[in-house]
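Engineer: The structure that follows is given in the form of structure tokens.
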Amino acid sequence: MDVFPGWEGYVDRIAQNWRELVAPVDTVVLPGDFSWGMSLEEALPDFAYLEALPGRKILLKGNHDYWWTTRRKMESFFSAHGLNSLEILNNNSVLVDGIAVCGSRGWLFETGEPFDDKIIHREALRLESSILEALKTGGEPVAFLHYPPIYGENISPQILEVLQKYGIRRCYYGHIHASGCRWAVEGEVRGIQFQLVSSDYLKFRPIAVTGI
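Counting with the numbering used here, you get residues 2 to 213 for the letters of the sequence shown.
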């Protein structure tokens with residue numbers, strides 16, 4: 002990623018800021034795109050990098066996480082390699098200090114092709130499954146997505162429908178970088194507070210998500 006403007010020395014910057022802001026008792030949600038590995042084995046150095054940082058980590062699939070496979074396989078791989086602080090968010094929810102972390106990769110109409118409808122429908126079902134699991138915990142469901150549900154004039158109507166159906170009040174998302182951040186939607190839209198949390202947008206400093 003160093004070839005992109007603003008990403009110079011990002012590996013060290015992430016680690017330094019993470020250790021400054023995150024305690025061992027904290028939980029960090031990573032909404033996708035954190036390894037170029039094409040398989041779990043190829044992504045292992047990146048998993049090890051995360052394991053060495055303090056706190057519990059919840060991993061969500063991004064569009065470049067080609068190593069992603071079934072939840073069972075990923076959890077078995079983590080266990081076999083002593084990656085004990087890593088957890089997968091996939092059709093499930095994780096309760097953290099009264100916040101029920103839920104979400105999915107999401108999707109935007111990136112190509113305008115018919116298959117986009119199929120993908121959005123599938124991701125909406127995954128998001129709904131995760132939210133339903135979150136509601137069982139009694140905590141506040143807070144949604145994390147890789148793709149923004151709204152970006153400029155583009156929207157994922159099925160994703161927004163699910164968020165509104167279950168009264169989600171907060172949604173964090175990634176995917177958008179560099180000059181594209183100028184069209185990112187932040188603040189309240191349709192009763193939901195949206196916030197972009199891409200690494201470069203945050204200047205590689207984790208932000209706090211606290212209970213209301």
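Ideal Cβ placement from N, Cα and C applies to all residues, glycine included. In this text, all values refer to a predicted model and were calculated from it rather than measured experimentally.
Are the CB atoms of L128 and G104 nearer to each other than 8 Å?
Structural biologist: The answer is yes: Cβ separation under 8 Å.
Engineer: How would you call K204, buried or exposed, if buried means at least 16 neighbouring beta carbons within 10 angstroms?
Structural biologist: K204 is exposed by the Cβ-count criterion.
Engineer: Quick one: grab the DSSP three-state call for K166.
Structural biologist: K166: helix per DSSP, three-state reduction.
Engineer: If you compare alpha carbons, which of C172, H65, V143, V210 is closest to G38?
Structural biologist: Nearest of C172, H65, V143, V210 to G38, Cα basis: H65.
Engineer: Quick one: grab the DSSP three-state call for Y11.
Structural biologist: Looking at Y11 - three-state DSSP - the assignment turns out to be helix.
Engineer: Can you tell me which of the three DSSP states G104 falls into?
Structural biologist: Note: G104 maps to strand in three-state DSSP.
Engineer: Contact check, E88 vs L60 under 8 Å by CB: the rounded distance?
Structural biologist: Right, the Cβ-Cβ distance comes to about 7 Å (below 8 Å), so this counts as a contact.
Engineer: For V190, write down the residues that DSSP places opposite it in a beta bridge.
Structural biologist: Paired residues: I193.
Engineer: Under a Cβ-count criterion, where at least 16 other Cβ atoms within 10 Å of its own Cβ denotes burial, should V143 be classed as buried or exposed?
Structural biologist: V143 is buried by the Cβ-count criterion.
Engineer: Are there 16 or more other CB atoms within 10 angstroms of the CB of Q159, so buried, or fewer, so exposed?
Structural biologist: Buried.
Engineer: State the CB to CB distance for the pair W19 and P207, rounded to an integer number of angstroms; the pair is presumed to be in contact (CB under 8 Å).
Structural biologist: About 6 Å; that satisfies the 8 Å criterion.
Engineer: Which whole-angstrom value describes the C-beta separation of F5 and A179, a residue pair presumed to lie in contact below a C-beta threshold of 8 Å?
Structural biologist: Sure, about 7 Å apart at Cβ, within 8 Å.
Engineer: Taking the alpha-carbon of G181 as reference, which of Y50, L31, A49, S199 has the nearest alpha-carbon?
Structural biologist: Considering only alpha carbons, the answer is S199.
Engineer: By DSSP's criteria, A144 is part of a beta bridge. Which residues make up the other side?
Structural biologist: DSSP, once it has assigned bridges, lists C103, C172 as partnering A144.
Engineer: Might you give, ordered along the chain, the residues of its own chain that have their beta carbon closer than 6 Å to the beta carbon of L84, omitting 5 neighbours on each side?
Structural biologist: Excluding positions up to five away in sequence, the list reads F48, E52.
Engineer: Using three-state DSSP, classify K58 as helix, strand or coil.
Structural biologist: Three-state result, K58: strand.
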